[in-house]
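Residues 4 to 152, numbered by our numbering, are exactly what the sequence shown covers, in order.
Remarks on the structure that follows.
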Amino acid sequence: MKKAFYLAPLVAMTLAGHVMAEGCEVTIDSNDMMKYDKSEIVVAKSCGEVTLTLTHSGALPAAVMGHNWILAKTGEWQALAGDAMAVGPDKHYLPEGDECMLAHTDLIGGGESTSVTFDVSGLDPEGDYTFFCSFPGHSFQMNGKFRVE
Ligand code: CO
């Protein structure tokens, strides 16, 4: 009985301060305010393959307020964002073949959604990963942390 008494506050703290793994299917929304609805995504490495769905709940077209979702190592994402932006809209601001791009979706506009399935079994639970949107001018606020555990 005493053990439960001490554990209860610990569990509450864990839930408040830690983003729990969300399963092997993750949805992240984006909008006309140039924002994602998540700043951190955590998945279980044991998933193997994870399917991420990017939705755009806004109304603006991709040419004006396009969003994609790119995953990279945190040490590489800003350089990658610069390279991706330069690729242009016809190629979804995706530098095809760039090995810094660990996973990516296409670019979408308001009302659209897109998915990508990728392997997380090679990602490091101690690693530092960042996701971002490479539409010009978006990545400074459209970015977040990605973890496997
Ligand atoms: Co964007």
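Ideal placement from N, C-alpha and C gives every residue a C-beta, glycine not left out.
As assigned by DSSP and simplified to three states, the class of residue i
{"i": "G85", "result": "helix"}
{"i": "S142", "result": "coil"}
{"i": "D131", "result": "coil"}
{"i": "K38", "result": "coil"}
{"i": "V123", "result": "coil"}
{"i": "S49", "result": "helix"}
Chain-order list of residues whose beta-carbon lies under 6 Å from that of residue i (same chain, five-residue window excluded)
{"i": "T120", "result": "E52, T54"}
{"i": "L126", "result": "V151"}
Residue from the options with nearest C-alpha to residue i
{"i": "E74", "options": "A106, A84, Y96, V123", "result": "First, the residue type needs correcting, since residue 74 is Leu and not Glu in the sequence shown. It is A106."}
{"i": "I44", "options": "T30, L63, D122", "result": "T30"}
{"i": "K94", "options": "D131, K76, D109", "result": "D109"}
{"i": "Q81", "options": "F134, E25, F149", "result": "F134"}
{"i": "S60", "options": "E28, D32, K41, N71", "result": "D32"}
{"i": "M68", "options": "G147, S142, K148", "result": "S142"}
{"i": "E115", "options": "S42, A24, H70, E28", "result": "H70"}
Sequence-distant residues of its chain with Cβ nearer than 8 Å to residue i (five each side left out)
{"i": "K38", "result": "Q144, M145"}
{"i": "E79", "result": "C103"}
{"i": "T17", "result": "Because T17 sits at a pLDDT of 49, beneath the cut-off of 50, its placement in the model cannot be relied upon, and the following sentence gives the value as read from the coordinates. None."}
According to DSSP, residues forming a beta bridge with residue i
{"i": "H107", "result": "I73"}
{"i": "D32", "result": "T58"}
{"i": "V151", "result": "V46"}
Distance CB(residue i)-CB(residue j) smaller than 8 Å
{"i": "E152", "j": "A47", "result": "yes"}
{"i": "G112", "j": "A65", "result": "yes"}
Same chain, Cβ closer than 7 Å to residue i, five either side skipped, listed in chain order
{"i": "A87", "result": "I73, Y96, L97, P98, S137"}
{"i": "T117", "result": "L57, T108, D109, I111"}
{"i": "L63", "result": "D35, G112, G113"}
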